[in-house]
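A short write-up of the structure that comes next.
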C-alpha cells in the first residue's frame, strides 16, 4: 500500500514560525510575550490523526499548551479530535522525559487551550464553543470529563478586534480571500492561487513567507481546495439523497392509505398526479407487504 503524502496547509505552515505562533497566542489571550524562543513547538508527527493536508499546530508557551486548527468546513467533532491530540502529545512528552505515571508524585502537565479558526463560506457566528459532552450518548448535567473548543470566525468582517491585533491572521485571510475571488472569476484554481501569490507579494502581504514557500503553497492550496470541494459535493449528495428518500417515504405512505381505502392503481396515480407505470413497482411492493 502506497504511503500517503502529508503536507501542512498554509495556516499550519505559518504557525511553524515561533514568532507568528506567539503573535496569535498574544492576540487570543491578551498577553504580550515578546521572546519567540519561549515557544516550544509540539505539533503531532502521528499521521493517523491527519488528513492529506494537515491543518493543525500546537505549541507550549509559559506552561500553556495551545492546540490551534484551521477549518474551512464545520466540524462538530473537534472536541473529540482535540482530546485525542492532547492525549497523544502528553503521552509523547511523558515518554520523552521518562516520567513515571505510576509513581507517588503528581506529574504536572501544561494547561490545554483548544482553538479553531474558521474561514469557511457558510455563515457562522464570530465566536462559539464546542463541547465534548455534546457528543456523549446520554446527556449529563455534570460530566466528569469535559473539553471546550473555542471557535473563532476569521472571515472578512468577523472578529474585527481579534484580527486588528494579529497581522498574521489578517494577512492570511487576505490571501485566502484573494484566492477565492480569483477562482470565482477565472474558474482555474492553479491560476487563481498563482495570481493571489503575486498580488500579495506586490502588496507586501506575507511577502517573505510566500517568496520562500511559493511552490509548497501552490501545492497545498490545490490539495486543500480539492478536499474542500469533495466535502461540499459529499454534503450536497447527502442532502439530495435525504430529499429523495423523504419524497419516497411520503409517496409510499400516501399510496398505502389509498390502497387501504380500496382504490385501484389508476385512481391512486390520478389523485397523486403521478404516471401509473411510474408508481406501479411501489404500489405492488406495498400491496405485497400488506398481504403478509
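Numbering (my numbering), first residue to last: 1004 to 1295.
Ideal placement from N, C-alpha and C gives every residue a C-beta, glycine not left out.
For residue 1133, the closest C-alpha among the options 1119, 1126, 1143 is that of 1119. The Cβ atoms of residue 1209 and residue 1251 lie no closer than 9 Å to each other. Under a 10 Å Cβ-count criterion, residue 1072 is classified as buried, with 16 or more other Cβ atoms of the shown protein chains found around its own Cβ.
Short of 6 Å from the beta carbon of residue 1166, and not among the five residues preceding or following it, lie these beta carbons of its own chain, in chain order: 1172, 1173. At a Cβ-Cβ threshold of 9 Å, residue 1188 and residue 1221 do not count as neighbours.
In the three-state reduction of the DSSP assignment, residue 1152 falls in the strand class, which pools E and B.
Sequence-distant partners of residue 1262 (beyond 5 residues in either direction) whose C-beta falls short of 8 Å from its own C-beta, in its chain, are 1271, 1286, 1289, 1290, 1293. In chain order, 1143, 1146, 1149 place their CB closer than 7 Å to the CB of residue 1136, counting only its own chain and leaving out the 5 sequence neighbours on each side. Residue state for residue 1276 is assigned as coil, using DSSP reduced to three classes. With fewer than 16 other beta carbons inside 10 angstroms of its own, residue 1281 counts as exposed. By the criterion of at least three beta-carbon pairs nearer than 8 Å, the segment 1020-1030 is not in contact with the segment 1078-1096.
In the structure shown, residue 1093 adopts helical secondary structure according to DSSP, grouped into three states. For residue 1035, the closest alpha carbon among the candidates 1095, 1199, 1169, 1192 is that of 1169. In the three-state reduction of the DSSP assignment, residue 1206 falls in the coil class. DSSP, read as helix, strand or coil, puts residue 1116 in strand. In the structure shown, the three-state DSSP call for residue 1060 is strand. Of the residues 1248, 1267, 1140, 1031, the one whose Cα lies closest to the Cα of residue 1130 is 1031. If you compare the alpha carbons of 1269, 1156, 1063 with that of residue 1040, the shortest gap goes to 1063. Per DSSP, residue 1162 lies in no beta strand (DSSP E) and is assigned neither H nor E.
A direct Cα-to-Cα measurement between residue 1264 and residue 1154 gives close to 55 Å. The alpha-carbon separation between residue 1086 and residue 1267 amounts to approximately 59 Å. Under DSSP, the beta-bridge partners assigned to residue 1067 are 1064, 1114. According to the DSSP assignment, residue 1036 belongs to no beta strand (DSSP E), since it is labelled neither H nor E. Taking residue 1199 as the centre and dropping the five residues before and after it, the same chain places the C-beta of 1178, 1181, 1182, 1185 closer than 7 Å to its C-beta, in chain order.
The three-state reading of DSSP puts residue 1257 in helix, counting H, G and I together. Closest by C-alpha distance to residue 1115, out of 1067, 1128, 1216, is 1067.
For residue 1211 and residue 1088, the gap between their C-alpha atoms comes out near 31 Å. The Cβ neighbour count for residue 1044, taken over all protein chains shown within 10 Å, is under 16; the residue is labelled exposed. If you ignore the 5 residues before and after residue 1204, its C-beta comes within less than 6 Å of the C-beta of 1210, 1213, all in its own chain and listed in chain order. Residue 1133 is bridged by DSSP to 1152.
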